[in-house]
Amino acid sequence: MSEQPEAPRRALGGASVWRPDAAASGTPNHAVPPPAGPEPGWVNPIPPAPGWVNPTPPPPAVYPAYQLDPAMVTGLPVEPSTHPFFYRTPRWRWWKPLLAFIAATVLAFIAMIVPALIGMLVDRVDFAAIAKTGKMTLGPWAFLGNNIGLAILIPIAMLLQWLLFGQRPGWLSSVLGRFRWGWFARCVAVAVPIWLVMMGIEIALTGLPKDISVRPYTVLLIIGILLTTPFQAAGEEYLMRGLEQRLVASYFKRQTLGWIVATIVSSVTFMLLHGAGDIWLNIMYFCFGAIASWITWKTGGLEAAVAIHVVNNLVSEALMPWTDFSHMFDREAGAADASILIQVVVLVVAAGLMWFMGRRTKVATASAPGQVDLQAAHASMQAWTSQSWGYLPQPPSQYQG
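Position 71 of the sequence shown, counting from 1, maps to 71 under full-length UniProt numbering, and the rest follow consecutively.
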């Protein structure tokens with residue numbers, strides 16, 4: 001019997017498989033060409049050899065987005081915030097402002113009493129006479145001690161902010177995390193001419209003090225005023241418009257309402273801090289605090305308020321080294337009259353010009369520095385996860401805080 005050619009082999013699904021040996025033997029090749037790949041559902045019955053690598057890797061796995069806890073990352077605002085609202089952060093807790101207020105009160109009392117008391121001892125003040133008459137006489141060293149005590153309020157406010165709210169000291173100065181010296185210099189340039197004009201008008205109307213002369217303490221006070229008064233004025237601003245205003249405002253979600261309440265509280269505190277018994281002086285001190293609060297809110301930092309306060313105090317103390325200022329702190333009823341409110345008008349003009357200048361030069365009034373910390377934390381987490389697990393987590397769309 002003659003040998004019959006081998007029939008074409010059938011593949012899965014009934015289709016003939018094309019064989020090259022069939023064409024070589026002369027057998028008609030009626031089979032279809034080999035398929036480009038296995039048919040759907042086909043499973044390779046032979047496992048891959050050891051060391052074999054699939055040339056087509058599977059697509060990367062997509063895992064659900066993770067959520068960073070902002071409170072674990074930053075103590076700064078994660079939403080745009082103006083200067084009074086920098087404590088409304090993911091780390092805010094209702095008890096923190098209360099604790100900060102109590103600590104600030106105690107530390108400020110110590111800071112203001114101890115240096116002034118040392119100065120009074122150096123001046124050899126008669127404490128028995130003060131206790132008998134109720135009137136305090138002020139000497140040059142007591143005055144400088146008072147200035148130094150108020151200057152110490154700056155590190156006190158910064159330290160409490162750092163410890164309780166996790167914000168480094170620079171963030172107390174402005175929404176950019178630093179004291180903006182260029183902006184401060186421009187504010188000083190606005191304030192100086194205004195106060196010099198006011199001083200000139202006052203001298204023209206009332207004349208120079210009759211007792212003006214060189215005193216034993218003249219040189220001491222000239223140097224002491226120039227060195228300590230700027231820090232004394234800044235200390236009051238850092239405590240009142242810096243720390244206290246933020247503590248109160250942090251309880252409010254609506255910024256305008258929070259600013260109004262914080263301004264009232266901080267301005268009353270500022271008024272009481274001066275210990276005046278005269279109604280006109282108290283009105284002036286309250287208005288001073290309110291105007292300083294407003295310009296701080298509208299310019300994003302304490303620089304403008306500090307400039308106003310420093311220039312006001314330096315000009316008002318310009319003649320002190322040549323006069324008897326022992327009753328400088330006599331602020332009982334009748335110490336002033338309604339004419340003192342002219343200073344309020346001057347304050348409004350100065351603050352208004354600074355606000356206008358700030359708008360023209362686009363001074364930063366709000367920021368969200370916590371977002372930068374969150375983005376950096378997410379980038380670090382993303383890099384670590386991709387190296388450790390081989391996939392990239394999806395970034396969160398937004399952070400709540």
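Every residue gets a Cβ at the ideal spot worked out from N, C-alpha and C, and that includes glycine.
Everything numeric in this text was worked out from a predicted model, so none of it was measured.
Opposing strand residues paired with Ala-366 [DSSP bridges]: Answer by DSSP bridge pairing, in chain order: Thr-82.
Exposure of Val-214, with buried meaning 16 or more beta-carbon neighbours within 10 Å: Looking at its Cβ environment, which holds fewer than 16 other Cβ atoms inside 10 Å, Val-214 is exposed.
Delimiting residues of the alpha helix (DSSP H) encompassing Pro-77: Pro-77 -> no alpha helix (DSSP H), and no H or E assigned at all.
Straight-line Cα distance separating Arg-359 from Leu-247: So the two alpha carbons sit approximately 27 angstroms from each other.
At least three beta-carbon pairs within less than 8 angstroms, the stretch 204-218 to the stretch 228-238: Cβ pair count under 8 angstroms is below three, so no.
Buried or exposed by the 16-neighbour rule on C-beta atoms within 10 Å, applied to Phe-356: Looking at its Cβ environment, which holds fewer than 16 other Cβ atoms inside 10 Å, Phe-356 is exposed.
Cross-strand partners of Gly-301 (DSSP beta bridge): Note: Gly-301 sits in a beta bridge opposite Ser-174.
Spatial neighbours of Ala-108 in its chain, beta-carbon cut-off 8 angstroms, leaving aside the 5 residues before and after: Once the five neighbours on either side are set aside, the close Cβ partners of Ala-108 are Leu-153, Ile-156, Leu-239.
Burial state of Trp-141 (16 or more Cβ within 10 Å): Taking all protein chains in view, the Cβ of Trp-141 is crowded by 16 or more other Cβ atoms within 10 Å, so the residue is classified as buried.
Inter-residue Cα distance where the pair is Ser-250 and Gly-289: Using only the alpha carbons, I get a separation of about 19 angstroms.
Whole-Å CB distance - Ile-308 paired with Ala-350, under 8 angstroms assumed: Yes, Ile-308 and Ala-350 are in contact; Cβ-Cβ is about 6 angstroms, under 8 angstroms.
Whole runs of the alpha helix (DSSP H) within the stretch 262-345, excluding any shorter than 4 residues: Within the stretch 262-345, the complete alpha helix (DSSP H) runs of at least 4 residues are 279-299, 303-316.
Start and end residues, alpha helix (DSSP H) containing Trp-183: Segment 181-206, the alpha helix (DSSP H) holding Trp-183.
Contact under 8 angstroms by Cβ, Asn-147 with Thr-269: Annotated as distal: Asn-147 and Thr-269, with beta-carbon spacing of 8 angstroms or more.
Nearest candidate by alpha-carbon position, reference Arg-88, set Ala-376, Ala-368, Ala-129, Leu-374: The residue from Ala-376, Ala-368, Ala-129, Leu-374 with its alpha-carbon nearest to that of Arg-88 is Ala-368.
Rounded separation between Gln-167 and Glu-332 - CA only: Whole-angstrom Cα-Cα distance: 40 angstroms.
Nearest neighbour of Ala-129, chosen from Lys-96, Thr-137, Val-348 [CA to CA]: A check of alpha carbon separations from Ala-129 across Lys-96, Thr-137, Val-348 identifies Thr-137 as the nearest.
Span separating the alpha-carbon of Asn-313 from that of Phe-252: Cα-Cα distance, rounded: 33 angstroms.
Same chain, Cβ closer than 6 angstroms to Met-381, five either side skipped, listed in chain order: For Met-381, there are no CB contacts under 6 angstroms within the same chain when 5 residues up- and downstream are skipped.
Separation of Ala-71 from Ala-104, as counted between CA atoms: Distance between the alpha carbons of Ala-104 and Ala-71 is about 24 angstroms.
Option nearest Gly-300 by Cα separation, candidates Leu-172, Arg-93, Trp-162: When only C-alpha atoms are compared, the closest one is Leu-172.
Run of the alpha helix (DSSP H) containing Val-114, from where it starts to where it stops: Taken as a continuous stretch (DSSP letters only), the alpha helix (DSSP H) holding Val-114 covers 95-122.
Whole-Å CB distance - Gly-134 paired with Asp-123, under 8 angstroms assumed: Going by Cβ atoms, the distance from Gly-134 to Asp-123 rounds to 18 angstroms, so no, they are not a contact pair.
Of the residues Leu-196, Tyr-285, Leu-281, the one placed nearest Val-265, counting alpha carbons only: Proximity to Val-265 across Leu-196, Tyr-285, Leu-281 peaks at Tyr-285, based on C-alpha coordinates.
Rounded C-alpha distance that separates Lys-362 from Met-354: Going by the C-alpha atoms only, they are around 12 angstroms apart.
Residue of Glu-79, Leu-150, Pro-90 minimising C-alpha distance to residue 402: This structure does not reach residue 402, given that the chain is present from 1 up to 401, and the question cannot be answered.
Cβ neighbour criterion (16 or more within 10 Å) applied to Leu-272: Exposed, because fewer than 16 other Cβ atoms sit within 10 Å of the Cβ of Leu-272.
Beta-carbon proximity check, Trp-259 vs Leu-341, cutoff 8 angstroms: No. Outside cutoff.
Start-to-end residues for the alpha helix (DSSP H) that takes in Arg-246: In this chain, the alpha helix (DSSP H) harbouring Arg-246 covers 245-249.
Arg-91 burial status per 10 Å Cβ neighbour count (16 or more: buried): Of the residues assessed, Arg-91 falls on the buried side of the cut-off, its CB having 16 or more other CB atoms within 10 angstroms.
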